[in-house]
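Undergrad:
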Amino acid sequence: MLLKLNFESDIPIYVQLRNQIVMGIGLGQLQPGESLPTVRQMAEDIGINAMTVNKSYTILKNEGFISIDRRHGATVNIKIPDKNEICEKLEEELALVISEAGLKGITKNDFFNICDKLFNELNGLNKVILSE
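According to this note's numbering, the sequence shown is numbered sequentially starting from 1317.
(1) Take every Cβ of the segment 1334–1345, pair it with every Cβ of the segment 1364–1384, and state whether three or more of those distances are shorter than 8 angstroms.
(2) What's the gap between the Cα of tyrosine 1373 and the Cα of arginine 1386?
(3) Going by Cα to Cα distance, which pick from Lys1399, Phe1428, Asn1400 and Glu1401 is closest to glutamate 1413?
(4) Using alpha carbons as the reference points, say which of Gln1347, Asn1425 and Leu1410 lies closest to isoleucine 1394.
(5) Tell me which same chain residues have a C-beta within less than 7 angstroms of the C-beta of isoleucine 1362, skipping the five on either side of it?
(6) Do you know offhand how far threonine 1391's Cα is from isoleucine 1364's?
(7) Could you name the residues of the same chain whose beta carbon sits closer than 8 angstroms to that of proline 1397, not counting the 5 residues immediately before and after it, in chain order?
(8) How many Å lie between isoleucine 1430 and glycine 1344 at the Cα?
(9) Are the beta-carbon atoms of threonine 1354 and isoleucine 1329 separated by less than 9 angstroms?
(10) For the candidate residues Asn1400, Gly1342 and Glu1404, whose alpha-carbon lies nearest to that of phenylalanine 1435?
(11) Let me know if methionine 1358 comes out buried or exposed under the rule of 16 or more other beta-carbons within 10 Å of its beta-carbon.
(12) Please classify threonine 1423: does DSSP put it in a helix, a strand, or coil?
(13) Under the DSSP definition of a beta bridge, which residues are partnered with alanine 1417?
(14) I'd like the span of the alpha helix (DSSP H) that includes glycine 1342, first residue to last.
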């Protein structure tokens, strides 16, 4: 999986790394059970501090996207949260995205078309949904 981090962005590197890994899972580039590089190796590969990678991995673990075992390292291990819990979080995040889109001239139809296109491109979602 190729990580694309923008060191000039206002978005912290640990958040970008977390987001790239989540997208990798969603796109099917990272499979359930697949090992991630060690914190030290990931930091070295992308040229960032190991504490930054550790922070990303901790967030991913707390969100249920990976599991961490001291003997085997980090692996993709998706835990499906309570549907009500995830729907509340999704509503909050989508409210902001929809507000921004509407303020920038995106129509409801355009928004739904974009969502449909993206959802269809996220091949990794099929594996997660089918394994429930």
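Glycine included, every Cβ here is placed at the ideal spot set by N, Cα and C.
TA: In terms of the structure at hand:
(1) yes
(2) As a first step, residue 1373 is located in the sequence shown; it is residue number 57 there, counting from the start. As a first step, residue 1386 is located in the sequence shown; it is residue number 70 there, counting from the start. The straight-line gap from Cα to Cα measures roughly 13 angstroms.
(3) Along the sequence shown, read from residue 1 onward, the residue named residue 1413 stands at position 97. One point to set straight first is that residue 1413 is valine, not glutamate, in the sequence displayed. Nearest option by C-alpha distance: Phe1428.
(4) Numbered from 1 along the sequence shown, position 78 holds the residue referred to as residue 1394. The shortest C-alpha separation from isoleucine 1394 is found at Gln1347.
(5) Within the sequence shown, residue 1362 is the residue found at index 46, counting from 1. These residues qualify, in order along the chain: Leu1319 and Leu1321.
(6) As a position in the sequence shown, residue 1391 is number 75, starting the count at 1. As a position in the sequence shown, residue 1364 is number 48, starting the count at 1. Taking the straight line joining both Cα atoms gives about 20 angstroms.
(7) For the purposes of this step, residue 1397 is identified with residue 81 of the sequence shown, where counting begins at 1. For proline 1397, where only same-chain residues beyond five positions count, the Cβ hits under 8 angstroms are Gly1380.
(8) Locating residue 1430 in the sequence shown gives position 114, counting from the first residue. Locating residue 1344 in the sequence shown gives position 28, counting from the first residue. Whole-angstrom Cα-Cα distance: 19 angstroms.
(9) Within the sequence shown, the letter at position 38 stands for residue 1354. Within the sequence shown, the letter at position 13 stands for residue 1329. Not closer than 9 angstroms, so no.
(10) Counting from one through the sequence shown, the residue named residue 1435 turns up at place 119. Of Asn1400, Gly1342 and Glu1404, the residue nearest in Cα terms is Gly1342.
(11) Walking along the sequence shown from the start, residue 1358 turns up at place 42. Buried, by the Cβ-count rule.
(12) Along the sequence shown, one-based indexing puts residue 1423 at 107. In this structure, threonine 1423 counts as coil in the three-state DSSP scheme.
(13) Position 101 of the sequence shown, counting from 1, holds the residue named residue 1417. Note: alanine 1417 sits in no beta bridge, so no partner.
(14) Within the sequence shown, the letter at position 26 stands for residue 1342. Taken as a continuous stretch (DSSP letters only), the alpha helix (DSSP H) holding glycine 1342 covers 1329–1342.
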